[in-house]
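**Student:** Please find one structure pasted underneath; my questions will follow.
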Amino acid sequence: MTGRKPVEEICSDLIRFDTTNPGSNERPAAEYVAAFLADLGLEPAVYEQIPGRTNIVARWPGRDPELPALLVQGHLDTVPADAAAWSVDPHSGEIADGYVWGRGAVDMKNAVAMTLSAVDTTVANGQQPERDVVLAFLADEETGGEHGAGYLVRHHPELFEGCQAAIGEVGGFNVTPSVFAISVADKGLRWYEVREQGIAGHGSMVAEDNPIPKLAATVDRLIAGEQPLAVTEPMRALATSLAGRPVTAAEDVLDVLETRTGPFARMLAAGARNTVNVTMTGAGYKENVIPGEAWARFDCRYVPGFEDDLHEHMTAGEATLLRRSPAAWTDHDGEWFTRMTEALAHELPGSTAAPYVFSGGTDNKWFQRLGMQTFGFTPMLLPPGYDYPAMFHGVDERCPVDALQFGARVLAGLMSR
Ligand SMILES: [Zn+2]
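Numbering-wise, this note's numbering comes out as the position in the sequence shown, counting from 1, plus 965.
Structure below.
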């Protein structure tokens, strides 16, 4: 027996709430989630640090409350969408051609819908989860989570009492027909700035000391070439699963990730080295004035364990740190990884799961503060040719209906077994 509402319709409903961040708020979507859970007999509670930036948390009692609890978390906000570039209204939630379309369809209203659907089905079958499951639907992930996971972890840690593991984005999808990738780590973030000083003067004369070419040379030096490989155990394990033989040498790992994972190659390769990207520059205020200063800003991401290498590289170019966000790391040889692998194999017999390092940051950084093991696990069985990584923050973001139904079944299995 399945629940009362198909998962794709839940996803579509959620997309129709505009939760653009920055620019909108999560409250209407949060109210929908709270009403959905209350109808199933759960007791959702509302938490807001500032009005409208709404978080919903519910503890779903398990058959054995003595077992360590599981946190299932997802964010309700999305990044903005430029409607002019889309072939559908980004907030239509249209269901067509086997997909649910709209902003948030993969990041991550899909996972919120799968979670609600899994609860719905479990309750409809008269079942209870094996252990306490804490369900958290969060605000503000897309700008760092200060009003969402950050607020709850700092001010309401009691909500997560007993939670040993947390599942959220980004992972649990298949990168080949039979190998699923579950993220066990998020890269950390460091933003830097370089400022070059010069001597201001008239644009008609021979320049004494123009800071713009100096800045150009510094930027060039900092972004030239690629950062050295930073291959960690999860990436070796993933490459080994993909190749069907032990893969340990860093170059081999990268080669396997890049040649055997189709559209996932770009994302997976970024998990195997630090990255340095220049994203903003500025100088000058008039065509005939040589400016006295020029600046550039950099978005840099480091693999857990390789933060010092990144910092050395950047400070050698005289960059100063503007902002840091920690990496997240969980060992993949524990029982939770096994449980997720089994939940996937139950729905797709013969499949395996391997760990990987996610190239971006997620709310995992907050939940790790409470000592939880964190995993990217929003399970989906993706069809061949579907470019899932391109959907994140992309134009015509859409999620296969079949993948949502698969994910809801996997989550129901993971929670109830
Ligand atoms: Zn997300």
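Heads up, the beta-carbon is just placed ideally off N, CA and C, and yes, glycines get one too.
If Val-1044 sits next to Leu-979, beta carbons under 8 Å apart, how far is it from one beta carbon to the other, in whole angstroms?
**Tutor:** Your numbering for residue 1044 matches position 79 in the sequence shown. Your numbering for residue 979 matches position 14 in the sequence shown. Between Leu-979 and Val-1044 the Cβ distance is about 15 Å, and since that is not below 8 Å, they are no contact.
**Student:** Out of Leu-1036, Pro-1055, Trp-1156 and Ser-1148, which one is the CA nearest neighbour of Glu-1362?
**Tutor:** Mapped onto the sequence shown, residue 1362 falls at position 397. The candidate whose alpha carbon is nearest that of Glu-1362 is Pro-1055.
**Student:** How would you write the range of the beta strand (DSSP E) that Thr-1240 sits in, first residue to last?
**Tutor:** Taking the sequence shown and counting its residues from 1, the one referred to as residue 1240 is at position 275. Residues 1240 to 1248.
**Student:** Can you say whether Ala-1010 is buried or exposed, counting buried as having 16 or more other CB atoms within 10 angstroms of its CB?
**Tutor:** Taking the first residue of the sequence shown as 1, we reach residue 1010 at position 45. The residue in question, Ala-1010, is exposed, as its Cβ has fewer than 16 Cβ neighbours within 10 Å.
**Student:** By how many angstroms is the C-alpha of Val-1360 removed from the C-alpha of Ala-1050?
**Tutor:** Taking the sequence shown and counting its residues from 1, the one referred to as residue 1050 is at position 85. Taking the sequence shown and counting its residues from 1, the one referred to as residue 1360 is at position 395. When rounded, the distance between both Cα atoms is 7 Å.
**Student:** Which residue comes first and which comes last in the beta strand (DSSP E) that contains Tyr-1321?
**Tutor:** What you label residue 1321 is simply residue 356 of the sequence shown in a count that begins at 1. Its beta strand (DSSP E) spans residues 1317 to 1323.
**Student:** Can you check the stretch 1012 to 1046 for any alpha helix (DSSP H) of at least 4 residues that lies completely inside it and give the ranges in chain order?
**Tutor:** Whole alpha helix (DSSP H) segments, 4+ residues: zero.
**Student:** Counting only runs of 3+ residues fully inside the stretch 1137 to 1205, write out the beta strand (DSSP E) ranges in chain order.
**Tutor:** Listed in chain order, they are 1144 to 1151 and 1153 to 1162.
**Student:** Can you tell me whether Ile-1021 is buried or exposed, with buried defined as 16 or more other CB within 10 angstroms of its CB?
**Tutor:** Start at 1 with the first residue of the sequence shown, and residue 1021 comes out as number 56. Buried.
**Student:** How is the alpha helix (DSSP H) around Trp-1331 delimited, first residue to last?
**Tutor:** Taking the first residue of the sequence shown as 1, we reach residue 1331 at position 366. Taken as a continuous stretch (DSSP letters only), the alpha helix (DSSP H) holding Trp-1331 covers 1329 to 1332.
**Student:** So Phe-1371 packs on Leu-1346, CB below 8 Å; how close in whole Å?
**Tutor:** Position 406 of the sequence shown holds residue 1371. Position 381 of the sequence shown holds residue 1346. Right, the Cβ-Cβ distance comes to about 4 Å (below 8 Å), so this counts as a contact.
**Student:** Check for me: the beta strand (DSSP E) holding Asn-1341 runs from which residue to which?
**Tutor:** If you number the sequence shown from 1, residue 1341 lands on position 376. One detail in the question is off: residue 1341 reads as Gly in this sequence, not Asn. First-last of the beta strand (DSSP E) with Gly-1341: 1338 to 1341.
**Student:** Can Glu-1107 be considered in contact with ligand 1, in the sense that its beta carbon sits closer than 8 Å to one or more heavy atoms?
**Tutor:** One-based indexing of the sequence shown puts residue 1107 at position 142. Correct: Glu-1107 has its Cβ closer than 8 Å to ligand 1.
**Student:** Assign Gly-1227 to one of three DSSP states: helix, strand, or coil.
**Tutor:** Taking the first residue of the sequence shown as position 1, residue 1227 is located at position 262. Helix at Gly-1227.
**Student:** Here's a check: name, in chain order, each residue in its chain whose Cβ is nearer than 6 Å to the Cβ of Glu-1223, leaving out the five neighbours to either side.
**Tutor:** The residue given as residue 1223 occupies position 258 in the sequence shown. Cβ neighbours of Glu-1223 beyond the five flanking positions: Ala-1230 and Ala-1234.
**Student:** Nearest by alpha-carbon distance to Val-1099: which of Thr-1080, Glu-1173, Cys-1265 and Pro-1348 is it?
**Tutor:** Walking along the sequence shown from the start, residue 1099 turns up at place 134. For Val-1099, the nearest C-alpha among the options comes from Thr-1080.
**Student:** Suppose contacts are defined by Cβ-Cβ distances below 9 Å. Is Val-1184 in contact with Val-1268 by that definition?
**Tutor:** Within the sequence shown, numbered from 1, the residue matching residue 1184 stands at position 219. Within the sequence shown, numbered from 1, the residue matching residue 1268 stands at position 303. In this structure, Val-1268 does not lie closer than 9 Å to Val-1184 by Cβ.
**Student:** By the three-class DSSP mapping on this structure, what secondary structure does Asp-1264 have?
**Tutor:** In the sequence shown, the residue the question calls residue 1264 occupies position 299. In this structure, Asp-1264 counts as strand in the three-state DSSP scheme.
**Student:** Could you name the residues, in chain order, whose CB is less than 5 Å away from a heavy atom belonging to ligand 1?
**Tutor:** With the cut-off at 5 Å, the residues found are Asp-1072, Met-1073 and Glu-1134.
**Student:** Report the CB separation of Gln-1338 from Ala-1130 in whole angstroms; it is logged as a contact under 8 Å.
**Tutor:** Residue 1338 sits at position 373 when you count from the first residue of the sequence shown. Residue 1130 sits at position 165 when you count from the first residue of the sequence shown. Their Cβ separation, rounded to whole angstroms, is 5 Å, which keeps Gln-1338 and Ala-1130 in contact under 8 Å.
**Student:** Spatial neighbours of Cys-1265 within its chain, please: CB distance less than 8 Å, with the 5 preceding and 5 following residues excluded, ordered by chain position.
**Tutor:** Counting from 1 along the sequence shown, the entry for residue 1265 is found at position 300. Around Cys-1265: Leu-1154, Arg-1155, Trp-1156, Tyr-1157, Asn-1239, Thr-1240, Val-1241, Asn-1242, Leu-1275 and Met-1279.
**Student:** For the 8 Å Cβ check, are there 3 or more pairs between the stretch 1085 to 1099 and the stretch 1309 to 1319?
**Tutor:** At 8 Å Cβ cutoff, the stretches do not touch.
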